[in-house]
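J.: One structure, as structure tokens, below. Some questions next.
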Amino acid sequence: MQRMARRFTRVAVDSTKHPAEQYYADIYLDEIRKRLDEHGGEGLKILDAGCGSGRIMVPIARLGHHFTGIDYHRDSLRLAQKNLDAVGVKAELIEKSVLDALSKMDDASFDAAMAIESIFVDEQYESILKHLARVVRPGGLLFITHRTRYFYLTQALAHEHFDDLAHIARHNSGRLRKGLHRVYHCWQTRTEIEETYASLGLTPLSLTGVGLCSGFGGDPLARLCDPSTLDEGQRRVLREIETCDDELLMATRYVFAVTQK
Ligand SMILES: C[S@@+](CC[C@H](N)C(=O)[O-])C[C@H]1O[C@@H](n2cnc3c(N)ncnc32)[C@H](O)[C@@H]1O
1251 MQRMARRFTR VAVDSTKHPA EQYYADIYLD EIRKRLDEHG GEGLKILDAG CGSGRIMVPI
1311 ARLGHHFTGI DYHRDSLRLA QKNLDAVGVK AELIEKSVLD ALSKMDDASF DAAMAIESIF
1371 VDEQYESILK HLARVVRPGG LLFITHRTRY FYLTQALAHE HFDDLAHIAR HNSGRLRKGL
1431 HRVYHCWQTR TEIEETYASL GLTPLSLTGV GLCSGFGGDP LARLCDPSTL DEGQRRVLRE
1491 IETCDDELLM ATRYVFAVTQ K
């Protein structure tokens, strides 16, 4: 029997209301809007795997696209529904694990799929990626975030968790401890990300770093800079330096990959 994915979020947080979350969301949203304009068109069918409270889904659905959002966390879906209602937009919301829901979906049934800051906590990560690639039509787009080794090293170091440090340095996945909810996490190198997409028959369009030198909440990088404490002009400067340097791509909270089938 397929092993149930352990839930990452226990208390639903409405990330659409959090200023730091919005700073990071804007990086995703600007890229997604641009790519949908270039390659997609109007009224697209889009899948959001791990939609949470709809931080990305709701603003993109407002453009006239038709969303199916999947999340196994009921309270997050309630928040997503509330946020959809608030802007008068409809979407299909499915309360299931991403893999369960995906495995029942037809090939090529979506114009685009996204998994933003979600599926790297699922031990079936690789199967999920395969299904995401399968359910998107040829020519369709995928928007997926990956965790980096560097992110977990900073977390483990900040918590003085030296067992985790050694594990993170040598492996690419595992159950990490303090601050990381003791659930499964996985992370990739740039080469692994590129090889994974090549094996799925997807062409990379861009890889963007999200959160090079900033963070919030318990994130150690928040000690350097927390976007929620900045004014708009400062956030603009931060974003420019955080997304400009390709050499530092793998020293970020997330790598945001846009690919085309
Ligand atoms: C950090 S939130 C991100 C939500 C949204 N994608 C965003 O960017 O704002 C991660 C969400 O993914 C969901 N999630 C993670 N793994 C999942 C899985 N295997 N099946 C269903 N939902 C999952 C969690 O319940 C949570 O709501």
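In the working numbering, the protein residues as written are 1251 to 1511.
Where a beta carbon is used, it is the ideal one built from N, C-alpha and C, also for glycine.
Here the structure is a predicted model, which is why all the values come from computation and not from measurement.
1. For the region 1323 to 1383, list the alpha helix (DSSP H) runs that are entirely contained and at least 4 residues long, ordered along the chain.
2. So, with DSSP's three-state summary, where would you put Val1505?
3. Given this structure, state the Cα-to-Cα distance separating Phe1460 from Leu1297, to the nearest angstrom.
4. At which residues does the beta strand (DSSP E) containing Arg1387 begin and terminate?
5. Can you have a look at Leu1474 and say buried or exposed, based on whether 16 or more other CB atoms are within 10 angstroms of its CB?
6. Let me check one thing: in DSSP terms, what residues is Lys1295 bridge-paired to?
7. Tell me the rounded alpha-carbon separation between Leu1415 and His1323.
8. I'd like the ranges of any beta strand (DSSP E) spanning at least 3 consecutive residues and lying wholly in the region 1410 to 1445.
9. On a Cα-Cα basis, can you pick out the residue from Pro1269, Ser1377, Val1263 and Ser1265 that is closest to Glu1482?
10. According to DSSP, Pro1454 sits in a beta bridge with which residue or residues?
11. I need the DSSP call for Asp1515, collapsed to helix, strand or coil.
12. Cβ atoms of Arg1489 and Asp1276: under 9 angstroms apart, would you say?
13. So, using beta-carbon positions, are Ile1344 and Thr1318 closer together than 9 angstroms?
14. If you run the structure through DSSP and keep just helix, strand and coil, what is Val1263?
15. Going straight from the alpha carbon of Ala1406 to that of Gly1451, what length do you get?
16. Check Gly1459 in the structure and name its three-state DSSP category.
17. In terms of residues, what are the limits of the alpha helix (DSSP H) holding Pro1309?
T.: According to the structure data:
1. 1324 to 1336 and 1348 to 1353
2. strand
3. The question names Phe, but residue 1460 in the sequence shown is Val. Computed Cα separation, rounded: 22 angstroms.
4. Val1386 to Arg1397
5. exposed
6. His1316
7. 30 angstroms
8. 1423 to 1425 and 1434 to 1436
9. Pro1269
10. Thr1509
11. Here the chain has residues from 1251 to 1511 only, and residue 1515 is not among them.
12. yes
13. yes
14. coil
15. 34 angstroms
16. strand
17. Met1307 to Ala1311
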